[in-house]
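A quick write-up on the structure given underneath.
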């Protein structure tokens, strides 16, 4: 699965960059995230509960930051295991541009699932991933900018 999009956030790039590197902010912004702990400068551990179709599971995993270019962007990669539900893994390239005091966040994400999740079907998985991404950006914007500031662009999901 691949998904890309663009989001405008009514906050300066430095503030958005700081939020994207703050485990407390990320935990609040990630839908279903009950724990996000910084392990090192480039790694965090996480517990995220997600529901895809009829399957709901708590995924325990790790998140790694690489290709870090403050305050321009980074690559974020993660993997998690959800017990009998299966596993999920993915990575996203995130780029931040400042335009007239606002931040334009662009992303290209790639992911895969296995186990029972893989049996659900690509369209439902893609729709769930897009919904979670939209919710994440709305939550992030509520923390770093005006509550109405996140304006998701044309997020595109494809197998």
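In this note's numbering, the protein residues as written are 10 to 168.
Built from N, CA and C at the ideal position, the CB exists for glycine as well.
To the nearest angstrom, report how far apart residue 220 and residue 106 are at their CA atoms. Summary: the structure shown does not reach residue 220, with the chain confined to residues 10 through 168, and so no result is reported for it.
The segment 83-100 contacting the segment 60-74, beta-carbon criterion three pairs below 8 Å: yes
Start-to-end residues for the alpha helix (DSSP H) that takes in residue 141: Looking up residue 141 in the chain shown gives position 132. From DSSP, the alpha helix (DSSP H) with residue 141 extends over 131-153.
With DSSP collapsed to three states, give me the class of residue 120. Residue 120 sits at position 111 when you count from the first residue of the chain shown. Note: residue 120 maps to strand in three-state DSSP.
Assigned secondary structure, residue 110 (DSSP; H/G/I helix, E/B strand, else coil): Stepping through the chain shown from its first residue, residue 110 is reached at position 101. Looking at residue 110 - three-state DSSP - the assignment turns out to be coil, as it is neither helix nor strand.
For the beta strand (DSSP E) containing residue 74, list its first residue and its last residue. Here the question's residue 74 lines up with position 65 in the chain shown. From DSSP, the beta strand (DSSP E) with residue 74 extends over 64-78.
Using a 10 Å radius around the Cβ and a threshold of 16 neighbouring Cβ atoms, would you call residue 46 buried or exposed? For this step, residue 46 is matched to residue 37 along the chain shown. Classification for residue 46: exposed.
Considering only C-alpha positions, which residue in the set 139, 113, 11 and 128 is nearest to residue 211? Since the first residue of the chain shown is 10 and the last is 168, residue 211 is not available in this structure.
Please confirm whether residue 12 and residue 127 have their CB atoms less than 7 Å apart. For this step, residue 12 is matched to residue 3 along the chain shown. For this step, residue 127 is matched to residue 118 along the chain shown. No, the pair does not count as a contact, with Cβ atoms beyond the cut-off.
Quick check: the Cα distance between residue 147 and residue 109, rounded to an integer number of angstroms? Within the chain shown, residue 147 is the residue found at index 138, counting from 1. Within the chain shown, residue 109 is the residue found at index 100, counting from 1. Taking the straight line joining both Cα atoms gives about 20 Å.
With distances taken from CA atoms, which of 78, 33, 115 and 63 is nearest residue 101? Within the chain shown, residue 101 is the residue found at index 92, counting from 1. Closest by alpha carbon: 115.
Three-state secondary structure (DSSP) at residue 20? Your numbering for residue 20 matches position 11 in the chain shown. Residue 20: coil per DSSP, three-state reduction.
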